[in-house]
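Per the working numbering, residue 466 is the first one in the sequence shown, and the count goes up by one each step. Positions of the beta carbon are idealized from the N, C-alpha and C atoms, including for glycine. A quick write-up on the structure given underneath.
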Amino acid sequence: MAEEICCVVLSLRNEPGLVENVRSLMAQEPRPEIVVANSGGGGAAATLRQAGLDVPVVECEEPLYAGGVCNLGIEATSAPYVCFLAADCIARPGWIAHRLEAHRAGARAVSGALDNVYPNSACATAAFVLLASRRMPHCRPHHRVLYGLSYDRTLFDEHGRFRDDLRDGEDTEFRFRLGSAVDIAWAPGVRSAHRYPTGAGELMRDHYDRGRRARLHDGQGLRRVLAQSAWKWPKSSVAEAWQPRSPVSRGQLLRSLPAVALAVAAHVCGVLRSRLVGRRSADPAVKQWRDILGGLPERPW
466 MAEEICCVVL
476 SLRNEPGLVE
486 NVRSLMAQEP
496 RPEIVVANSG
506 GGGAAATLRQ
516 AGLDVPVVEC
526 EEPLYAGGVC
536 NLGIEATSAP
546 YVCFLAADCI
556 ARPGWIAHRL
566 EAHRAGARAV
576 SGALDNVYPN
586 SACATAAFVL
596 LASRRMPHCR
606 PHHRVLYGLS
616 YDRTLFDEHG
626 RFRDDLRDGE
636 DTEFRFRLGS
646 AVDIAWAPGV
656 RSAHRYPTGA
666 GELMRDHYDR
676 GRRARLHDGQ
686 GLRRVLAQSA
696 WKWPKSSVAE
706 AWQPRSPVSR
716 GQLLRSLPAV
726 ALAVAAHVCG
736 VLRSRLVGRR
746 SADPAVKQWR
756 DILGGLPERP
766 W
């Protein structure tokens with residue numbers, strides 16, 4: 466019997482976590498059609514075979530942006546509904562079942578929530594709070610953002626595939642192409658757990674890099690940019706994580722606050738560097754994003 470939904474695993478250079486990722490999908494009920502799309506080489510197929518996992522692998526030796534890898538997987542699958550999972554994530558139980566429930570109810574696109582693979586790590590919790598507070602399963606509707614989508618396959622026939630020339634944000638660009646004609650269903654039972662940095666150095670490097678490439682309007686003054694990065698964004702993220710039914714306990718949140726401060730400081734340093742040396746003006750990827758999404762509200766991360 467053909468599967469009703471497929472999952473494309475997005476892998477770059479056979480990254481760590483791929484085996485655990487595929488196992489989490491194979492444990493789903495019902496089990497989806499699974500295809501691993503790996504770019505940049507690294508021997509993903511051999512790694513999975515050594516782990517005893519027999520799933521199709523589409524490999525491209527050339528590194529691709531995420532949109533290109535998504536498109537490889539779309540071509541290699543046939544199920545009526547299509548979802549994607551980055552190789553550094555694992556699917557929690559019910560990840561497929563809750564998607565199918567929403568699709569069967571008529572949704573053509575279904576979004577899900579994020580979780581943290583390392584809840585006992587203060588650094589991982591800090592990253593989870595700062596980067597995913599708006600995708601936590603308890604998140605209030607006015608604060609929520611809809612990502613991690615699965616799609617009715619016919620949407621790709623109607624609206625085309627993902628752009629393969631964007632360094633990031635290919636899913637955002639595709640959502641704006643869908644426009645208001647497609648309502649996105651929110652399914653908090655769809656939870657994928659992400660591997661966030663567990664060490665202070667890794668956490669600070671990641672947030673420094675995010676600060677360097679933050680999509681902030683060039684027209685904003687430096688004072689406003691710093692207020693957003695150093696105060697409004699972390700305050701809003703911590704406040705959302707403090708809400709009842711948050712996946713982060715208040716004890717975990719309090720223990721993570723020093724790491725939150727480190728991450729925010731690193732982010733601000735990255736923003737300062739990009740603003741003071743003019744990197745944003747010279748970066749063609751940033752200009753490309755302004756051209757695509759100009760005038761839309763943007764996030765500091």
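DSSP three-state assignment for residue i, whether helix, strand or coil
{"i": "residue 672", "result": "helix"}
{"i": "residue 659", "result": "strand"}
{"i": "residue 586", "result": "coil"}
{"i": "residue 664", "result": "coil"}
{"i": "residue 511", "result": "helix"}
{"i": "residue 531", "result": "helix"}
For residue i: DSSP bridge partner residues
{"i": "residue 473", "result": "500, 549"}
{"i": "residue 560", "result": "Answer is none; residue 560 lacks a bridge partner."}
{"i": "residue 579", "result": "657"}
{"i": "residue 698", "result": "In the DSSP output, where bridge partners are listed per residue, residue 698 has none listed."}
{"i": "residue 525", "result": "504"}
{"i": "residue 707", "result": "Bridge partners of residue 707: none, in fact."}
{"i": "residue 650", "result": "575"}
{"i": "residue 555", "result": "658"}
Residue i classed as buried or exposed, judged by whether at least 16 other C-beta atoms fall within 10 angstroms
{"i": "residue 497", "result": "buried"}
{"i": "residue 479", "result": "buried"}
{"i": "residue 625", "result": "exposed"}
{"i": "residue 644", "result": "exposed"}
{"i": "residue 712", "result": "buried"}
{"i": "residue 503", "result": "buried"}
{"i": "residue 623", "result": "exposed"}
Residue-level contact to chain D via CB, residue i, 8 Å cutoff
{"i": "residue 645", "result": "Although the question refers to chain D, the structure presented lacks it and comprises just one protein chain."}
First through last residue of the alpha helix (DSSP H) which encompasses residue i
{"i": "residue 735", "result": "715–741"}
{"i": "residue 629", "result": "Note, residue 629: premise wrong, no alpha helix (DSSP H); not H, not E."}
{"i": "residue 485", "result": "483–491"}
{"i": "residue 692", "result": "687–692"}
Range covered by the beta strand (DSSP E) that runs through residue i
{"i": "residue 614", "result": "612–617"}
Any contact between the stretch 529–541 and the stretch 554–563? By contact I mean 3 or more CB pairs, one from each, below 8 Å.
The stretch 529–541 and the stretch 554–563 do not touch, with fewer than 3 CB-CB distances between them shorter than 8 Å.
Say whether the stretch 562–580 touches the stretch 601–618, bearing in mind that this needs 3 or more beta-carbon pairs closer than 8 Å, one atom from each stretch.
With a cut-off of 8 Å, the stretch 601–618 and the stretch 562–580 count as touching, because enough Cβ pairs lie within range.
Contact between the stretch 726–746 and the stretch 668–680 is defined here as three or more beta-carbon pairs at a separation below 8 Å; is this criterion met?
The stretch 726–746 is in contact with the stretch 668–680.
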